[in-house]
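Student: Letter 248 of the sequence shown, counting from 1, is numbered 248 in the UniProt record's numbering, and no numbers are missing. Ideal Cβ placement from N, Cα and C applies to all residues, glycine included. Given the structure is predicted, the values throughout are model-derived calculations rather than measurements. Here you go, one structure.
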Amino acid sequence: MPGRGVFVCLFDEGLFVGVCLCQIQDQEASSDINDNDADPTPRDNGDNKHGTRCAGEVAATAFNNHCGVGVAYNVSIGGVRMLDGTVNDAVEARALGLNPDHIDIYSASWGPEDDGKTVDGPGPLARRAFIHGVTTGRKGRGSIFVWASGNGGRHTDSCNCDGYTNSIFTLSISSATQGGFKPWYLEECSSTLATTYSSGTPGQDRSVATVDMDGKMRPAHLCTLEHTGTSASAPLAAGIAALALEANPGLTWRDVQYLVVLTSRSAPLAGEPGWTRNGVNRKGTFGKQLWTT
């Protein structure tokens with residue numbers, strides 16, 4: 001049963017549990033930091049779809065007759081509503097530190113501005129929460145933090161300047177098109193561990209199918225075929241990591257990083273220009289390899 005017994009939490013603008021088609025919705029992996037309560041439901045204004053779409057990629061149940069199936073469709077899924085308000089170091093630390101002995105995997109599809117000018121990263125409280133997660137989370141095996149590497153390629157932004165995705169504590173995930181090639185928005189950097197599939201050139205490459213919060217207001221629109229960017233890639237990686245933990249719950253956070261590097265495949269990304277080889281004979285610039293199930 002893909003993902004059974006694994007607990008995943010998404011940091012976003014909220015999670016509409018009535019729409020995400022997720023089989024097991026977990027209150028212990030959920031919180032609303034913006035309104036200081038336990039309900040992660042986003043404001044119903046038609047714009048706060050992002051977290052629900054990401055959740056569907058991870059956990060949308062099989063045979064749902066509406067949309068795509070989540071990578072690990074039997075996980076217990078929760079969400080933290082934290083982006084629909086002021087985001088500061090304290091807010092990030094509260095999210096990162098939510099129930100680390102209960103939650104196995106945290107997934108985040110956000111970061112600093114993708115403008116090619118911003119250098120930013122976790123503040124002291126968030127850094128402390130990262131360290132606490134990897135040292136004490138999952139009863140000492142370490143929390144798994146999955147992070148999208150950013151969409152600033154058209155601005156020549158570098159994810160090396162993003163202190164979340166270049167952190168040793170995160171699985172930095174970028175994107176590949178349906179053909180396995182570099183998309184236009186990809187940020188080149190050595191901190192990216194792997195890529196998963198996402199959107200590419202509009203009108204030429206497909207995007208990711210997932211559930212859509214718009215189904216709350218327009219029931220015929222429960223599914224979207226237009227989830228895009230590294231925002232769509234990180235949840236796929238979180239789902240794959242959940243499958244690994246289902247198979248072996250004893251994996252540490254470093255084991256999971258090691259498995260990502262070992263099991264990713266290089267073709268056809270290896271044919272793209274811009275690779276450099278590092279000290280352990282691994283190539284890296286814009287995402288080591290394509291990681292697929």
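Starting from Ala148, follow the beta strand (DSSP E) in both directions and report where the run begins and ends.
Tutor: Per DSSP, Ala148 belongs to the beta strand (DSSP E) from 144–148.
Student: State the DSSP-derived secondary structure class of Cys20, mapped to helix, strand or coil.
Tutor: coil
Student: Is it the case that the segment 56–71 contacts the segment 19–39, given that we only count it when at least three CB pairs across the two stretches are under 8 Å?
Tutor: yes
Student: State the start and end residues of the unbroken beta strand (DSSP E) segment that holds Val208.
Tutor: 208–211
Student: Considering only C-alpha positions, which residue in the set His66, Arg81, Val69 is nearest to Gly51?
Tutor: Arg81
Student: Give the secondary structure of Thr195 by DSSP, where H, G and I count as helix, E and B as strand, and everything else as coil.
Tutor: strand
Student: Quick check on DSSP: helix, strand or coil for Ala244?
Tutor: helix
Student: Reducing DSSP to helix, strand and coil, say where Val80 ends up.
Tutor: strand
Student: Buried or exposed: which applies to residue 294, given that a residue is buried once 16 or more other Cβ atoms fall within 10 Å of its Cβ?
Tutor: Residue 294 lies beyond the stretch modelled for the chain, which goes from 1 to 293, so this question has no answer here.
Student: Verify whether the separation of the beta carbon atoms of Ser107 and Val8 is less than 8 Å.
Tutor: yes
Student: Measure the C-alpha to C-alpha separation of Ser124 and Phe130 and round it to an integer number of angstroms.
Tutor: Strictly speaking, residue 124 in this sequence is Pro, with Ser absent from that position. Going from the Cα of Pro124 to the Cα of Phe130 covers about 10 Å.
Student: Could you say which of Val6, Ala234, Ile33 lies nearest to Gln25 if we only look at CA atoms?
Tutor: Val6
Student: To the nearest whole angstrom, what separates the beta carbons of Ala234 and Val119, a pair I think is in contact under 8 Å?
Tutor: Not really, about 21 Å apart at Cβ, beyond 8 Å.
Student: So Glu92 packs on Ala126, CB below 8 Å; how close in whole Å?
Tutor: The beta-carbon separation of Glu92 and Ala126, rounded to 4 Å, stays under the 8 Å limit for a contact.
Student: At what residues does the beta strand (DSSP E) containing Val8 begin and finish?
Tutor: 7–12
Student: Curious, which full-length alpha helix (DSSP H) runs of at least 4 residues does the segment 93–162 contain?
Tutor: Entirely contained in the segment 93–162, the alpha helix (DSSP H) runs reaching 4 residues are, in chain order, 124–136.
Student: Kindly indicate which three-state DSSP category Phe255 falls into: helix, strand or coil?
Tutor: Reading the sequence as shown, one finds Asp at residue 255 and not Phe. The answer is helix: DSSP assigns Asp255 an H, G or I state.
Student: Terminal residues of the continuous beta strand (DSSP E) containing Cys223?
Tutor: 223–227
Student: What are the residues that DSSP puts in a beta bridge with Ile173?
Tutor: Ala148, Ala194
Student: Whose C-beta lies closer than 8 Å to the C-beta of Val256 among residues of the same chain, with five residues either side of it excluded?
Tutor: For Val256, same chain residues with a beta-carbon under 8 Å away, outside a window of 5 residues either side, are Ile144, Leu171, Ala241, Ala244, Leu245 in chain order.
Student: If Gly79 sits next to Ser109, beta carbons under 8 Å apart, how far is it from one beta carbon to the other, in whole angstroms?
Tutor: Between Gly79 and Ser109, the beta carbon gap of about 12 Å keeps them out of contact (Cβ cut-off 8 Å).
Student: Just checking, does the segment 193–203 make contact with the segment 151–169 on the three C-beta pairs under 8 Å criterion?
Tutor: no
Student: Is it the case that the Cβ atoms of Gly179 and Trp253 are separated by a distance below 8 Å?
Tutor: no
Student: What is the rounded straight-line gap between the Cα of Ser167 and the Cα of Gly133?
Tutor: 13 Å
Student: Here's the rule: buried if 16 or more other CB atoms are within 10 angstroms of the residue's CB, otherwise exposed. What is His221?
Tutor: exposed
Student: In chain order, what residues of the same chain lie with their CB nearer than 7 Å to the CB of Arg4, ignoring the 5 residues before and after it?
Tutor: Asn74, Glu246
Student: Label Ala38 either buried or exposed according to how many other C-beta atoms from any shown protein chain fall within 10 Å of its C-beta, with 16 as the threshold for buried.
Tutor: exposed
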